[in-house]
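K.L.:
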Amino acid sequence: TQLLEQSPQFLSIQEGENLTVYCNSSSVFSSLQWYRQEPGEDPVLLVTVVTGGEVKKLKRLTFQFGDARKDSSLHITAAQPGDTGLYLCAGGIQGAQKLVFGQGTRLTINP
Amino acid sequence: DSGVTQTPKHLITATGQRVTLRCSPRSGDLSVYWYQQSLDQGLQFLIQYYNGEERAKGNILERFSAQQFPDLHSELNLSSLELGDSALYFCASSSRWAGSFYEQYFGPGTRLTVT
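Next comes the structure, spelled out in structure tokens:
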């Protein structure tokens, strides 16, 4: 069974600080996606990474896929209150046509 | 707006009852996925359909069933409802599997409350 573990589960920091969220597994994934979900809303896709070692940037957000394609990280620089939400990582399984979701990191940015 | 629609937005019903949740995928998407999200939890994959056929099954209870119709909309049927079935139910759709990855786009969800 492929499992994705996200850490930390909860994170509360002040505006302007930097943070990193991790998504780890013992399994290899063909792709790794990050979603952000605001309270009461649906998850919105932020990025997809498919190559080991790949780094993608989305404004203040930097996503990295591990070299072995077993883990990923999301780094936010100078966090803002608008970054508050539940961040979900999801691993794509080659040949199985499904995504495995982590439990999420609930991020709160305090003004 | 992802292009995925779900109805109804809210459902309140009593234990033992049955409900049907409906999802219309993005135009052109053949795959539909159903997820359950309980309070403060991540997404639990329930089931996937591709062009009318069941493709993958996750942690779906026997009391739950789904189908995808020729027009590609999908319905999730929940029966003999229990208090623990209260959750947000999301539908997502995606384009054809590209061989190495695909991206799912989520609908707004249906919030089910069982009393």
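Sequences listed follow chains Y and Z, in order.
Position 46, counted from 1, in the first sequence is what my numbering calls 46; the numbers after and before it change by one each time, with no gaps.
Each position in the second sequence, counted from 1, maps to that position plus 1000 in my numbering.
Cβ coordinates follow ideal geometry from the N, Cα and C atoms, glycine included.
So, for Ser73 (chain Y): in the same chain, excluding its five sequence neighbours on each side, which residues have a beta-carbon less than 6 Å away from its beta-carbon?
P.N.:
Excluding positions up to five away in sequence, the list reads Thr20, Tyr22, Gln64.
K.L.:
Would you verify that the beta carbon of Glu1103 (chain Z) is, or is not, closer than 8 Å to some beta carbon of chain Y?
P.N.:
Closer than 8 Å: yes.
K.L.:
Under 7 Å, CB to CB, which of the residues in the region 3 to 18 of chain Y have a partner in chain Z?
P.N.:
Within the region 3 to 18 of chain Y, no residue has a Cβ that lies closer than 7 Å to any Cβ of chain Z.
K.L.:
Going residue by residue through the region 1010 to 1051 of chain Z, where are the continuous beta strand (DSSP E) segments of at least 3 residues, counting only ones entirely within it?
P.N.:
Listed in chain order, they are 1010 to 1013, 1019 to 1024, 1031 to 1037, 1044 to 1050.
K.L.:
Going straight from the alpha carbon of Gly1099 (chain Z) to that of Thr51 (chain Y), what length do you get?
P.N.:
Any reading at Gly1099 (chain Z) must be qualified, since the residue scores a pLDDT of 48, below 50, and its modelled position is unreliable; the value itself is stated next. Roughly 13 Å separates the two Cα atoms.
K.L.:
Between Trp1034 (chain Z) and Gln80 (chain Y), what straight-line distance do the alpha-carbon atoms span, to the nearest angstrom?
P.N.:
Looking at the two C-alpha atoms, the distance is approximately 32 Å.
K.L.:
Express the C-alpha separation of Gln1068 (chain Z) and Leu1021 (chain Z) in angstroms, rounding to a whole number.
P.N.:
Approximately 12 Å, taken between the alpha carbons.
K.L.:
How close, in whole Å, do the beta carbons of Val1004 (chain Z) and Ala1087 (chain Z) come, if the pair is a contact with beta carbons under 8 Å?
P.N.:
Contact doesn't hold; Cβ gap of about 18 Å is too wide.
K.L.:
Quick check on this structure: which residue in Z:Ala1066, Z:Ile1012, Z:Phe1106 has the alpha carbon closest to the alpha carbon of Gly977 (chain Z)?
P.N.:
Not covered by the structure: residue 977 (chain Z). The range shown for chain Z is 1001 to 1115.
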